[in-house]
Amino acid sequence: MAAIEAVFAWNPVLKWLRLKCDSASELRHALAAGAAIPDGDDLIVAPEMFWQLPTPWIPRNTSTAFPQYHVMTDGKHHPLRRRQPAGVVYARYIPWLDQSVSFRVLDVDADLERYNRWMNDPRIDAIWDEAGDLGRHRAYLEARLADPHVLPLIGCFDESPFGYFEIYWAKENRLGPYYPSEDYDRGWHVAVGEDAFRGRAWITAWLPSLMHFMLLDDPRTQRIVGEPSATHSQQIRNLEKAGFAKIKHFDFPHKRALLVMLLRERFFRDRLLIPNLTASGQEESLAHAPKRELQPVDERATAQ
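Counting in the working numbering, the sequence shown runs from 1122 upward without gaps.
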């Protein structure tokens, strides 16, 4: 599985792999369960199917969705959400950085001072408006951990925390009433707290990885939504490059926002998990990434 991931990661134009393996091999059974299409005695592995397997990136098995059971919360009709997980929920090796990106559930005692420092950064406060003391932030984070519609995460490159992320179910969120939200739409907020992890090489690693996690965490999630400030032009440009479509402008009580949306089919079909480093200008734009020689590849490959 790791070898297949590496082939697709380094060859983004590759359409598929043809695998020849023994009929009794574990690989054949694993791939035939959803990542490959039988073709005679061979298996055809399509990247848009392979990337939807949770096993290589999520440490817990999410192939079976949490049973659907609708409840009412504050007048909102929505599915009952599973209990909050703990620890690392997603990890992925990034070839162009030679590092791994991961997301773990926030631990209040371990992360409080870091979160407090990030939220009191004037650049972040201008967007989040959450500056305050440790007591305020402890109460805020404990409330997030107790809320089943929100999942607070810390993003790390290798062992270095770089940002705070809030993943939410849109149906129960403040965004839900502003568009025809569906039961498993998911949204997110981000604060990159460490300046050393800014720039294209980093955002092309963590942004699609975060989208990947949300789409794998529950296979019923068909859409990822966001509501950036209508004036936050840089964030909107980054979202467009990541595959998000602009849907409409609307007014929250506290800001004018732009509704953006990424479809599951678009993410996997267009292979948005990995940037095409062979495309014109892409290598240059990842100037902070380790330099690696890219070889031209055929559209077909055979692995024995």
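Where is the CB? At the ideal position from N, CA and C, for every residue including glycine.
Of the listed residues the options, nearest to residue i (C-alpha basis)
{"i": "leucine 1255", "options": "Leu1266, His1270 and Glu1234", "result": "Glu1234"}
{"i": "aspartate 1391", "options": "Ala1167, Ala1151 and Asp1143", "result": "Ala1167"}
{"i": "alanine 1363", "options": "Ser1350, Met1332 and Arg1341", "result": "Met1332"}
{"i": "histidine 1199", "options": "Ala1123, Trp1290 and Ile1275", "result": "Trp1290"}
{"i": "isoleucine 1324", "options": "Phe1278, Ser1146, Pro1298 and Tyr1300", "result": "Phe1278"}
{"i": "valine 1381", "options": "Leu1296, Leu1393 and His1150", "result": "Leu1296"}
{"i": "proline 1340", "options": "Pro1396, Ala1267, Met1122 and Phe1389", "result": "Phe1389"}
{"i": "tryptophan 1309", "options": "Ala1326, Asp1230 and Leu1360", "result": "Leu1360"}
{"i": "glycine 1196", "options": "Asp1228, Ala1326, Lys1369 and Pro1298", "result": "Pro1298"}
{"i": "isoleucine 1462", "options": "Phe1371, Ser1330 and Ile1357", "result": "The question about residue 1462 has no answer, for the chain in this structure spans 1122 to 1425."}
{"i": "glycine 1314", "options": "Tyr1285, Trp1327 and Asp1306", "result": "Tyr1285"}
{"i": "proline 1175", "options": "Asn1132, Met1122 and Leu1337", "result": "Leu1337"}
{"i": "alanine 1385", "options": "Gly1276, Gln1356 and Arg1307", "result": "The sequence given here has arginine at residue 1385, not alanine. Arginine 1385 has its Cα closest to that of Arg1307, out of Gly1276, Gln1356 and Arg1307."}
{"i": "glutamine 1173", "options": "Leu1379, His1375, Gln1343 and Ile1368", "result": "Gln1343"}
{"i": "alanine 1312", "options": "Ile1275, Ser1302 and Arg1377", "result": "Ile1275"}
{"i": "proline 1180", "options": "Pro1273, Leu1138, Leu1227 and Ser1223", "result": "Ser1223"}
{"i": "leucine 1227", "options": "Phe1371, Arg1244 and Leu1262", "result": "Leu1262"}
{"i": "leucine 1266", "options": "Ala1378, Leu1383 and Val1229", "result": "Val1229"}
Unbroken beta strand (DSSP E) run spanning residue i, endpoints
{"i": "histidine 1092", "result": "One cannot answer for residue 1092 here, as it falls past the ends of the chain, which runs 1122 to 1425."}
{"i": "histidine 1191", "result": "1191-1194"}
{"i": "valine 1134", "result": "Per DSSP, valine 1134 belongs to no beta strand (DSSP E) and is neither H nor E."}
{"i": "leucine 1274", "result": "1271-1278"}
{"i": "lysine 1367", "result": "1366-1372"}
{"i": "histidine 1310", "result": "1307-1313"}
{"i": "glutamate 1287", "result": "1281-1290"}
Straight-line Cα distance separating residue j from residue i
{"i": "alanine 1317", "j": "aspartate 1304", "result": "37 Å"}
{"i": "phenylalanine 1187", "j": "arginine 1204", "result": "10 Å"}
{"i": "alanine 1154", "j": "leucine 1140", "result": "15 Å"}
{"i": "isoleucine 1075", "j": "tyrosine 1211", "result": "There is simply no residue 1075 to check, as the chain begins at 1122 and stops at 1425 in what is shown."}
{"i": "lysine 1136", "j": "phenylalanine 1129", "result": "9 Å"}
{"i": "glutamate 1414", "j": "alanine 1127", "result": "Low per-residue confidence applies at glutamate 1414: pLDDT is 40, beneath 50, and the placement is therefore not dependable, though the value from the model is reported in the following sentence. When rounded, the distance between both Cα atoms is 15 Å."}
{"i": "glutamate 1251", "j": "arginine 1149", "result": "51 Å"}
{"i": "threonine 1399", "j": "leucine 1393", "result": "With a pLDDT of only 48 at threonine 1399, under 50, the local geometry of the prediction cannot be trusted, and the value read off the model is given with reservation. Those two C-alpha atoms are separated by around 14 Å."}
{"i": "serine 1401", "j": "arginine 1259", "result": "Confidence in serine 1401 is poor, its pLDDT being 40 and thus under 50, which makes the residue's placement unreliable; the coordinate value appears in the next sentence. Roughly 46 Å between the two C-alpha positions."}
{"i": "serine 1144", "j": "leucine 1328", "result": "38 Å"}
{"i": "histidine 1375", "j": "histidine 1191", "result": "30 Å"}
{"i": "valine 1209", "j": "serine 1281", "result": "14 Å"}
{"i": "cysteine 1142", "j": "alanine 1151", "result": "12 Å"}
{"i": "tyrosine 1300", "j": "aspartate 1232", "result": "34 Å"}
{"i": "glutamine 1355", "j": "leucine 1138", "result": "37 Å"}
First through last residue of the alpha helix (DSSP H) which encompasses residue i
{"i": "valine 1128", "result": "1123-1131"}
{"i": "alanine 1153", "result": "1147-1153"}
{"i": "proline 1168", "result": "1168-1171"}
- [ ] Say whether the segment 1214-1227 touches the segment 1239-1256, bearing in mind that this needs 3 or more beta-carbon pairs closer than 8 Å, one atom from each stretch.
- [x] no
- [ ] For the segment 1198-1245, list the alpha helix (DSSP H) runs that are entirely contained and at least 4 residues long, ordered along the chain.
- [x] 1229-1240
- [ ] Counting only runs of 4+ residues fully inside the segment 1322-1383, write out the alpha helix (DSSP H) ranges in chain order.
- [x] 1354-1362
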